[in-house]
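Here this note's numbering is used: the first residue of the sequence shown is 27, the next is one more, and so on. Quick reminder that beta carbons are idealized off the backbone N, C-alpha and C, glycines included. Quick caveat, the model's predicted, so the values are computed rather than measured. Okay, so here's the structure we're looking at.
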Amino acid sequence: MECEGCGAEAVILKTVRWRTGDRRFTLCDPCHSPLVESLWIVRGREIAAARCDSCGHWLHPGDMTELRKGAKWDGFGGVCLDCSR
């Protein structure tokens, strides 16, 4: 995916819309942070989830310390924050 603010590419980006509009677009964290009070995070084209290799729980990819593509059902896998401690 590509950030519509700066053009950065990442596997997972936030899908957002202005609080007064309907157009959805994607932003990376650095572009989203200064606008957080003016944007809503909305459902994107795809839902991203990651499965922890240690405990087996499904989590948001941002809650993982290690992240890789190609886990169960072609999703993301890795190690969650709790299991990495």
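Any non-hydrogen atom of the ligand PLP within 8 Å of residue i CB
i          : result
residue 73 : Of ligands this structure carries none, so the ligand PLP is not represented either.
Rounded separation between residue i and residue j - CA only
i           : j           : result
residue 32  : residue 57  : 7 Å
residue 67  : residue 41  : 6 Å
residue 52  : residue 59  : 13 Å
residue 55  : residue 27  : 13 Å
residue 45  : residue 62  : 10 Å
residue 95  : residue 105 : 12 Å
residue 156 : residue 109 : Residue 156 cannot be examined here, being either before or after the span of the chain that is shown, 27 to 111.
residue 107 : residue 50  : 30 Å
residue 77  : residue 87  : 8 Å
Own chain residues within Cβ distance below 6 Å of residue i, not counting five before or after
i          : result
residue 70 : 41
Which full runs of the alpha helix (DSSP H) of 4+ residues lie inside the stretch 55–107, going along the chain?
55–58
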